[in-house]
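Under our numbering, residues 44 to 240 are what the sequence shown spells out, in order. Glycine included, each C-beta is placed from N, C-alpha and C at the ideal position. Let me begin by presenting the structure, written as structure tokens, before commenting on it.
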Amino acid sequence: MKKIVIATKNNGKLREMTEAFAELPVEIVSLEDFGELPDAIEDGKTFAENAKIKAEFFSSKTGYACIADDSGLEVEALGGIPGVYSARFAGFHADDGTNNQKLIEELERIGVAESKADYRCALTFVDIDGTSLETEGVCYGTIKKIAKGQGGFGYDPYFYIDGNKTMAELTLEEKNKISHRGAALRRMVTLLKEYLS
Ligand code: IMP
């Protein structure tokens, strides 16, 4: 059975992807199965470039086919930032708390109460012969300065999916149905089914 490495050190993402690929005739393994590996240098200008950089890097390090993702938030009133810098918006040692604080400060600095925004996720599969498959998913919403909900992660408590419900108020199952990552994963499953058949 074909082995595919999921190139993430995030257990939440690993679980989501393992579940999504469960229906495929493949063996899913995680980066942790390969011991200490260096980090890929994510210096792409787009989510798709970064996903490809990671998939190619970890495929060459492990010797197996690999799937990587890159995702983030784009806020219209801020010209699309934080974008590919979403994970480290507040700096090198940023976490969800400092990133969200920076987001609110930026909205305050330009004097807007809320802004249209989207989450984007790019997924890349790279096989050992270099074949690559790419998908993308997007989820539209609004960033407001009032946090609500305990679920999800990252910017979810500020990401309103309708007038007054945030992504952080959804169960994981509900989130997967509408999320950028859910959409990109479902498209990847379709492409992989065809590729592997
Ligand atoms: P990645 O792990 O390099 O793809 O970085 C993604 C970053 O974008 C995360 O650290 C979050 O800040 C943000 N992000 C991506 N997807 C989501 C989501 O579903 N909810 C909240 N924040 C997200």
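Is it true that the CB of residue j sits closer than 8 Å to the CB of residue i?
| i | j | result |
| --- | --- | --- |
| T178 | S158 | no |
| L228 | M60 | yes |
| E163 | E117 | The residue asked about is misnamed: residue 163 is Arg in this sequence, not Glu. The answer is yes: Cβ separation under 8 Å. |
| Y201 | N143 | yes |
| F90 | V127 | yes |
| L256 | P68 | The chain is shown from 44 up to 240; residue 256 falls before or after that span and cannot be answered. |
| D112 | K46 | no |
| S114 | R230 | no |
| L234 | L176 | yes |
Helix or strand or just coil, what does DSSP make of residue i?
| i | result |
| --- | --- |
| E70 | strand |
| L116 | strand |
| T61 | helix |
| T51 | coil |
| L213 | coil |
| I124 | coil |
| G180 | strand |
| S175 | strand |
| A268 | Outside the shown range of the chain (44 to 240) lies residue 268, about which nothing can therefore be said. |
| A165 | strand |
| K218 | helix |
| K46 | strand |
| A18 | Shown here, the chain extends from 44 to 240; a query on residue 18 therefore has no answer. |
Have a look at residue i and residue j and give me their C-alpha separation to the nearest angstrom.
| i | j | result |
| --- | --- | --- |
| D205 | V48 | 36 Å |
| F196 | C109 | 25 Å |
| D139 | V181 | 21 Å |
| I147 | E99 | 35 Å |
| I124 | G192 | 23 Å |
| V232 | K52 | 21 Å |
| A83 | N54 | 18 Å |
| K188 | D172 | 47 Å |
| I96 | G87 | 8 Å |
| K220 | A50 | 22 Å |
| K208 | G106 | 44 Å |
Going by DSSP, name the residue or residues bridged to residue i.
| i | result |
| --- | --- |
| S158 | I186 |
| P81 | Per DSSP, none; premise fails for P81. |
| R229 | The partner list for R229 (beta bridge, DSSP) is empty, contrary to what the question assumes. |
| Y203 | T185 and T209 |
contact_flag[the segment 211-224, the segment 167-177] where n(CB pairs < 8 Å) is 3 or more: no
Given 8 Å, three or more beta-carbon pairs between the segment 134-150 and the segment 56-73: no
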